[in-house]
Each structure stands twice: as structure tokens, then as C-alpha cells.
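Engineer: Residues in the sequence shown are numbered from 0 upward in steps of one, following numbering that gives the first Met the number 0.
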Amino acid sequence: MVTILLVAATLMSYSAVFVDPSSYPILALAGMAFPYVLILDVLYLLLLIFAKKITALALIITLALGYGFIDSTVQLNPMHYVEDFDDDDSTFSIMSFNVRLLDRYNWIKGKNDTKTKIFEFLRYESPDIVCFQEFYNNSKDSITNEMIIQDVLGTSHIARDYDPGDTKHSTNKGYRIFSKFPLSKVTPIFDHTENLIGICADAQIIDRKVRVINFHLKSIKLGYDDYDFIDQIEQKNNQEQVSGIKAIYNKLTKAYSIRTRQAELIHQLVEESPYAVVLCGDFNEPPVSKSYRTVMGKSLVDAFRQSGTGFGGTVRIKGLSFRIDYIMHSPVLESRNFRTFRENLSDHYAVSCKLKI
């Protein structure tokens, strides 16, 4: 019976990649649970093998069918710890970081200097290109966040998600790309509802251009009331439980529907690029998901799969860790030294890797 339940749960997780999540949110949630289902699968499989049970074959076959999903979820290749490029003109480092407005509202309890620590972190790591989601620039101050970051990275090249001369649409919140290489053709990315979801720019690296796409797919937008409900669900009566679950379900359904269409737009941008692409994004979904599969398609490589280690979780939700922040690139580029930084500087961890042309 346990084997049947685990096989069913695993196959349900696989199906999250193929179905419309807005129509079947429960399957999308199953995809998010896949890392934990996988751990149970492996532990129970070892138990069955030790007990010499023939039912172990059912789990082995099920896991073999989902090799690609396992490969995108966890990396155990020991060579990933040591492989790196020799530094030369054809290599560059890139970082993706959802900075949650540089902790403008002091969400991280007990820390009032998070922004300063982010600047110190950037100075120490000194990536060649940084893509920020949920960036905040204090443009009314004499020394802005943009100015400080340009100083710590030693660069004058910056791409904003608006035309600096367009004061009507200028904003302190949004997307930025800082680069030690010249940037051109800076273009904001709007989705099907005309919401700004990212920015792209062409980086001149040696004698070649690389298109950098930086974006953020739709958040679920759970509020404090939703989190309080989750924490206290056992204390609610039946009517309150049904009402609370329905509200969260509706938010999940709406977010999944929007993300699916946004992912299709990003995939189209990748396909239309005349140059090799490096893509940095907060997908708000794990690797076993429709959005991940749509964005990556057959045109991109997940840098974590090529050179990462472990599960690579980039965000924690009520004690659970999920990988929802990604760096992807065209196959003509090669990645090494993928890293997930565990510093508590945002509700997301920064990720980075080295790329070679």
C-alpha cells in the first residue's frame, strides 16, 4: 500500500509539468512537493531493497521515468564542487537576486542594516553582471542605491526598466541590470495585461553580444491574513476552514494562470533573440512546473543542472525550502561554479554562476 501511494504521489508530481496549472492547481502544488516526495521515495526504496521486496521495482521504474525531473531538482555530482573555468576574456560571472526592495521596511527582524550588508555582499562577490528583481532606488536622496552599487561593483553601466527621460513612468521600484560590460538596446518587458514583468539588455562581451533577460513571474500575493490562517487552521471551525482554503485556492489559481502566459512570453523573447541569451528570473515556481518547462523549452540550459549542487533552495516558506530563482543560458554558453548564497539578506537567496563563451 505504501508503495502504491508513493508511486501515485510521484506520478502526480510529474504531471504538474504537462497540465494547465490554472485548471488543476492541486497538481501544481504536487509539483512543488516533489523534493519531499523524492526523499520519501529514496528512503522507502532503500528499505524495500534491504528487505528484498519485489515491489522495489515499481519505485525504481517510477523514478527512472522522472529522471529529468530529478535532475532539475537535486544535483549530487561531486565534480560540481571543484569544476571551474580558468579566468580569461571569454568568461564572466552573473548573479540573480530578488532583494525585496533592499529590506526597505525592515522585514528581517532584528536587522536594521540589511541594505548595508547587501552592499558589502556585492562588493565581496563582485559579479560582472547582476540582475535585480524587486529593486528599490531612493532617487530623492543625494546618494542613491544605484550610485552605491555602481561604486561597489566599479561600473557605470546600468539598465533600468524605464527610459530615464520619461519622468511619467519612472519608478523607484522594479528591475535593474548592473554590468561591467557596455549595455545597449535596453527594453522593458510587459506581459499580456501590460504589467511590467522584467527588462532585457544586450551586453557587449569581448567581440560578441549576449542578451540578458531579467524578469519576475506573478507572485501568489498571499497576505498576512492568509499566513495567519495557515498557522492557525486547526483552531478554526469548519466554516472558517472552508472559507480560508477557498480564498487561498482562488489566489493560487489566478497566479498560476497569469504565470503560464508570462512564461510563454519569456520563451518567445528567447526564441526571437539574435544573440545568445542569459536569463535570470524569479519564477515563483519550482523546477517541476509548467512555467519552468515553458521558459526553458529546448533553447536554454539550467545553470544549476549543469554546475549546481544539492537541492539549491532559494526561498523558505514556513520552514520549507524551494528553488524558484534561476539562471538559464543558451547552449553555446557553458556554466560552472553555480552557487546559492545562504546569507539572510532577503526572503530570497542570491544565485550566481560563471559563464564561458
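Just so you know, even glycine gets a beta-carbon here, dropped at the ideal spot from N, CA and C.
1) Could you please give me the residues that DSSP links to LYS250 through a beta bridge?
2) Which runs of the alpha helix (DSSP H), 4 residues or longer, sit entirely within the segment 111-188?
3) How many Å lie between HIS79 and ASN336 at the Cα?
4) Locate the beta strand (DSSP E) running through ALA202, then write down its first and last residues.
5) With a 10 Å radius around its C-beta and 16 neighbouring C-beta atoms as the bar for buried, classify PHE33 as buried or exposed.
6) Tell me which same chain residues have a C-beta within less than 8 Å of the C-beta of ASN105, skipping the five on either side of it?
7) Looking at THR2: is its Cβ nearer than 8 Å to the Cβ of LEU58?
8) On a Cα-Cα basis, can you pick out the residue from ARG210, VAL151, VAL36, SER218 that is closest to LYS250?
9) Determine, using beta carbons only, whether MET146 and GLU124 come nearer to each other than 8 Å.
10) Classify ALA275 as helix, strand or coil using the three-state DSSP reduction.
11) Who are the Cβ neighbours of PRO24 in its own chain at under 7 Å, not counting the five residues just before and after it?
12) Buried or exposed: where does TYR35 fall if 16 or more other Cβ atoms within 10 Å of its Cβ makes it buried?
13) Going by the DSSP bridge assignment, what does GLU333 pair with across the sheet?
14) How many Å lie between ARG292 and ASP102 at the Cα?
15) In the DSSP assignment, find the beta strand (DSSP E) that holds SER218 and state where it starts and stops.
16) When you compare the CB positions of THR90 and LEU10, do they come within less than 8 Å of one another, or not?
Structural biologist: Taking the definition as stated:
1) LYS250 has no beta-bridge partner at all, per DSSP.
2) Within the segment 111-188, the complete alpha helix (DSSP H) runs of at least 4 residues are 113-124, 144-152.
3) When rounded, the separation of the alpha-carbon atoms in HIS79 and ASN336 is 7 Å.
4) Membership of ALA202 in the beta strand (DSSP E) is indicated by the continuous run 195-204.
5) Burial call: buried.
6) Within its own chain, the residues whose Cβ lies closer than 8 Å to the Cβ of ASN105, once the five positions on either side in sequence are excluded, are ASN111, THR113, listed in chain order.
7) Yes, they are a contact pair.
8) Residue nearest to LYS250 within the set ARG210, VAL151, VAL36, SER218 is SER218 (criterion: CA-CA distance).
9) In this structure, GLU124 does not lie closer than 8 Å to MET146 by Cβ.
10) Strand.
11) Taken in chain order, the residues that qualify are TYR248, LEU251, THR252, TYR255.
12) Per the 10 Å Cβ criterion, exposed.
13) Answer by DSSP bridge pairing, in chain order: LYS355.
14) The alpha-carbon separation between ARG292 and ASP102 amounts to approximately 31 Å.
15) Per DSSP, SER218 is not a residue of any beta strand (DSSP E), being assigned neither H nor E.
16) Contact flag unset, no.
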